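Line by line, the protein sequences are chains V and Z. Residue 46 is where the first sequence starts when you use the working numbering, and the numbers rise one by one after that. Residue -8 is where the second sequence starts when you use the working numbering, and the numbers rise one by one after that. Where is the CB? At the ideal position from N, CA and C, for every residue including glycine. Model, not experiment: these values are computed from the prediction.
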Amino acid sequence: MTAAGISVTRRAPRRLADRLARPAFLACTVLAAATLVAVAGVLGVETVRFFGTVSPVRFFTEVDWTPFAEEPRFGVLPLLAATAQITAGAAFFAVPAGLMTAVYMEHYAGVRTERVLAGVTGLLAAVPTVVLGYFALTFVTPLLRALWPGTEAFNALSACLAVGLMILPTVIVFTRNALRSVPAALMETGLALGAGRGRVVARVMVPAAAPGIGAAVFLAMARAAGETMIVTLAAGNQAQLTWSPLEGLRTLTAYIAQSSLGDAPSGTVQYGAFFAVSAVLFAVTWGLHATGRFLMSRRSRGGLG
Amino acid sequence: MSVPTTRAAVPVLAAEDLTVRFGRRTALANVTLSVPRGRVVSLIGPSGGGKTTLLRAFNRMNELVPGVATTGTVRFDGVDLHGDEVDPVEVRRRIGMVFQQATLFPRSIFENVAFGPRASGYTGDLQELAEELLAAVGLWSEVAEDLDRPAMQLSAGQQQRLCIARTLALRPEVLLLDEPTSALDPAATARIESLIHSLRQDYTIVLATHGRRQAARLSDLTAYLAGGELIEYGPTETLFTTPRDRRTESYLTGRIA
């Protein structure tokens, strides 16, 4: 049976916008991918060249970072340790606070309270990091120095607090998503089984969301590890291997920011060091990010039925 | 079946002029109904007729929904369930509920059964309790090998039986079953029905169901609810053979879906 005048085999003429849509979208995708390839390429080439001069073993084992000394030393450990310290410190403050805020918003707060908290979270996410850095330097640091007089003007703790504030919205938003992916029926079931709300939250809802919450933590840490402005302003730029949170330090990012100001002429070993440090930073943030994405994918395959 | 007269006088559950609204929608309007001890009561009627709302009124689950408003009284053993001194957590321990969809926790079989007893501070041997309850729902022979298996790996019918075992673990006096077989195939449905049949020895059961035949097979008393109203309530046999209300008759003969 054929309907008169209509044939599925004949193509209707397509409008110009339709014909252009596909290549336009493709071009944008290619551009994004090409940028990534270019960044990785430049980092790779310059890093390999740098390791032609400085042995990678010494780069990863020496504990002095003095690229502009008469006898320059390129031990990346102080920078790496500083980044680890800032990242862990920020997570130390932001993860418990963010987790509890997200649980409160999802399982306790009324509609109005939840809306207010969501607004505040959004506002916090909109604060520029340079403002947070200044806040750390001019408000948090004096406070810390009042508490512990030995605190240096540039110190890790102040930066940790400010970076923690910066990643707090990330923790909250991703944790809320994870909690929301747990079927609400489980909450009802837990309550119907004679458990209090707190018990159902702690024993059922949060554990069921665990992979997603793990993802939230790693994605937030990836942001913290890559943060530059706050640590430059508040933690200073002293490449030293110290675990005291009250002393200054220099993260991978702070070094890159400083060295990209143009102290090192192109082609020199100091110039190469900038790329090697960038490659290390890229590896760190990519690793954290990939871990987060992996946990996220486990969440969606979690099979809660 | 004779019941001690002193206790038989007081119904286990009683709704008196109960009205439940969710926002502007009236889910239940002026319902008065009592559930005698040791009996199986079926709630039948079309979807949205008020079966689930009435069931959930009996263990104070409706109040978890934002925007709910309840008037009237619900009594458990004569005590007003909404009285000041009544703890909803305690109510839900004594009046257990099983949901339409098997809502197992994403944990092991054992952890699911142990959840309720743990919440109420059970001090006995949980392993023993789990074995007893899984046997009661006919699951023990199927899962005894590995209680640490994720509960989600069970078949749909097994999952629903595990849900019933998990509720029985509370040692409730009443079981509220909300369309427990609506998501199951005929074979699994038959198993649940024979389970309900065996549970009637020990529990007062209120069963909301879409299945007219299921109600006829399982219950002593049947209530027909439609549009939030209780249309007719009486002994199952009477209601099915000589309904007093024309609407009940229409529903039973299949003229109302």
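V:Met232: first and last residue of the uninterrupted alpha helix (DSSP H) it sits in: Note, V:Met232: alpha helix (DSSP H), 229 to 237.
For V:Thr234 and V:Leu224, the rounded distance between their alpha carbons: Spanning the alpha carbons of V:Leu224 and V:Thr234 requires a straight line of approximately 16 Å.
Pairwise C-alpha distance: V:Phe119 and V:Ala8: The structure shown does not extend to residue 8 of chain V, since chain V spans only 46 to 350, so no value can be given for it.
Contact set between Z:Val80 and chain V, taken where Cβ atoms lie within less than 7 Å: Counting only Cβ-Cβ distances below 7 Å, Z:Val80 has contacts in chain V at Gly239, Gly241, in chain order.
Same chain, Cβ closer than 8 Å to Z:Asp8, five either side skipped, listed in chain order: So the list reads Asn21, Val22, Thr23, Thr62, Gly63, Thr64, once near-sequence residues are dropped.
Z:Ser33 - DSSP class collapsed to helix/strand/coil: Strand, per DSSP.
Cβ of Z:Ser38 within 8 Å of any chain V Cβ: Taking a beta-carbon distance threshold of 8 Å, Z:Ser38 does not count as an interface residue toward chain V.
Buried or exposed (CB count within 10 angstroms, at least 16 for buried), Z:Gly40: Counting the other CB atoms within 10 Å of its CB gives Z:Gly40 a total of 16 or more, which places it among the buried residues.
Secondary structure of V:Val218, DSSP reduced to three states: Three-state DSSP puts V:Val218 in a helix.
Contact with chain Z by V:Ala267, beta-carbon distance below 8 Å: Not one chain Z Cβ lies under 8 Å of V:Ala267.
Length at least 4, wholly inside the region 238 to 314 of chain V: the alpha helix (DSSP H) runs in chain order: As far as the region 238 to 314 of chain V is concerned, its whole alpha helix (DSSP H) runs of at least 4 residues are 242 to 245, 255 to 271, 274 to 279, 297 to 304.
Nearest-angstrom beta carbon gap, Z:Ala121 and Z:Leu138 [assumed within contact, 8 Å]: Correct: roughly 7 Å between the Cβ atoms.
CB contact flag (Z:Glu223, Z:Thr239, <8 Å): The answer is yes: Cβ separation under 8 Å.
Unbroken stretches of the alpha helix (DSSP H), 4 residues or longer, contained in the region 46 to 102 of chain Z: Listed in chain order, the complete alpha helix (DSSP H) runs (minimum 4 residues) inside the region 46 to 102 of chain Z are 79 to 85.
Sheet register partners of V:Arg118 (DSSP bridge): In the DSSP assignment, V:Arg118 forms a beta bridge with V:Thr111.
Same chain, Cβ closer than 7 Å to V:Met250, neighbours up to 5 away in sequence not counted: Excluding residues within five positions, the ones whose Cβ falls inside 7 Å are His152, Leu224, Val227, Leu231, Met232.
For V:Phe138, the nearest candidate out of V:Leu88, V:Ala265, V:Leu286, V:Pro310 (CA to CA): Taking the Cα of V:Phe138 as reference, the smallest distance to any Cα among V:Leu88, V:Ala265, V:Leu286, V:Pro310 is reached at V:Ala265.
CB contact flag (V:Leu177, V:Ala136, <8 Å): For V:Leu177 and V:Ala136, no; Cβs fall outside 8 Å.
Member of V:Glu115, V:Tyr179, V:Met211, V:Gly257 whose CA lies at the smallest distance from the CA of V:Ala270: Nearest C-alpha to V:Ala270 among V:Glu115, V:Tyr179, V:Met211, V:Gly257: V:Met211.
Close-in-space but distant-in-sequence residues of the same chain around Z:Ala93 (CB under 6 Å, 5 per side omitted): The residues are Gln150, Gln151, Cys154.
Rounded C-alpha distance that separates Z:Glu102 from Z:Leu216: Near 37 Å, if we compare the C-alpha coordinates of Z:Leu216 and Z:Glu102.
Nearest to V:Glu272 (by Cα), restricted to the options V:Trp193, V:Val148, V:Thr298, V:Phe96: The closest CA to that of V:Glu272, considering only V:Trp193, V:Val148, V:Thr298, V:Phe96, is found on V:Thr298.
Segment limits, beta strand (DSSP E) that includes Z:Glu220: Per DSSP, the continuous beta strand (DSSP E) segment holding Z:Glu220 begins and ends at 220 to 226.
Any C-beta of chain Z under 8 Å from that of V:Val249: The beta carbon of V:Val249 sits closer than 8 Å to some beta carbon of chain Z.
Ordered list of alpha helix (DSSP H) runs contained in the region 156 to 213 of chain V, each at least 4 residues: If only uninterrupted alpha helix (DSSP H) runs of at least 4 residues are considered, those enclosed by the region 156 to 213 of chain V are 156 to 171, 174 to 180, 186 to 192.
Contact list for Z:Arg83 against chain V, beta-carbon separation under 8 Å: When 8 Å is used as the limit between beta carbons, Z:Arg83 is near these residues of chain V: Leu236, Ala237, Leu238, Gly239, in chain order.
DSSP-derived helix/strand/coil call for V:Gly63: The sequence given here places Asp at residue 63 of chain V; Gly does not occur at that position. Note: V:Asp63 maps to helix in three-state DSSP.
Neighbourhood of V:Val140 by C-beta distance below 7 Å, restricted to the same chain and skipping five residues each side: Here V:Val140 has Val216, Val262 as same chain residues with Cβ atoms under 7 Å from its own Cβ, once five neighbours each way along the sequence are excluded.
Proximity below 8 Å, CB of Z:Val3 to CB of Z:Thr195: When the beta-carbon positions are compared, Z:Val3 and Z:Thr195 come within less than 8 Å of each other.
Within-8 Å CB hit, V:Leu340 to chain Z: Residue contact with chain Z for V:Leu340: absent (no Cβ-Cβ distance below 8 Å to any residue of chain Z).
When V:Trp331, V:Leu278, V:Val246 are compared against V:Arg295, the one with the closest alpha-carbon: Nearest option by C-alpha distance: V:Leu278.
C-beta neighbour in chain Z for V:Glu233, strict 8 Å: At a cut-off of 8 Å between C-beta atoms, V:Glu233 counts as an interface residue with respect to chain Z.
Contact with chain V by Z:Ala110, beta-carbon distance below 8 Å: At a cut-off of 8 Å between beta carbons, Z:Ala110 contacts chain V.
Cβ of Z:Asn53 within 8 Å of any chain V Cβ: No, its Cβ sits nowhere closer than 8 Å to a Cβ of chain V.
Integer Cβ distance of Z:Leu190 from V:Gly239, believed to fall under 8 Å: In this structure, Z:Leu190 and V:Gly239 do not form a Cβ contact; the two beta carbons are roughly 18 Å apart against a cut-off of 8 Å.
Any C-beta of chain V under 8 Å from that of Z:Gly107: The beta carbon of Z:Gly107 falls within 8 Å of a beta carbon belonging to chain V, placing the residue at that interface.
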